[in-house]
Amino acid sequence: CPKCKIGHLDYDGLLNLACLECGFALGGCFT
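Under full-length UniProt numbering, think of the first position of the sequence shown as 1, with each following residue one higher.
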C-alpha cells in the first residue's frame with residue numbers, strides 16, 4: 001500500500017483496489 005506501507009492492495013467486492021490495513025483505495029476514476 002502506498003499510504004501505510006503495511007498492507008497490500010487487493011480487489012474488494014466492487015473490483016476496486018483497496019488496502020485492508022488502512023482503508024486506502026484506488027478506484028477506477030482515480031489516477
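Just so you know, even glycine gets a beta-carbon here, dropped at the ideal spot from N, CA and C.
Being a predicted model, the structure only gives us computed values, none of them experimental.
Extent of the continuous beta strand (DSSP E) run through D10: L9 to Y11
Rounded to whole angstroms, how far is the Cβ of L26 from the Cβ of L17, which I believe are closer than 8 Å? 4 Å
Ignore the nearest five residues each way along the sequence and tell me which others in C4's own chain have a CB closer than 6 Å to its CB. E21 and C22
Where the beta strand (DSSP E) containing L17 begins and where it ends: L17 to C19
With DSSP collapsed to three states, give me the class of L14. coil
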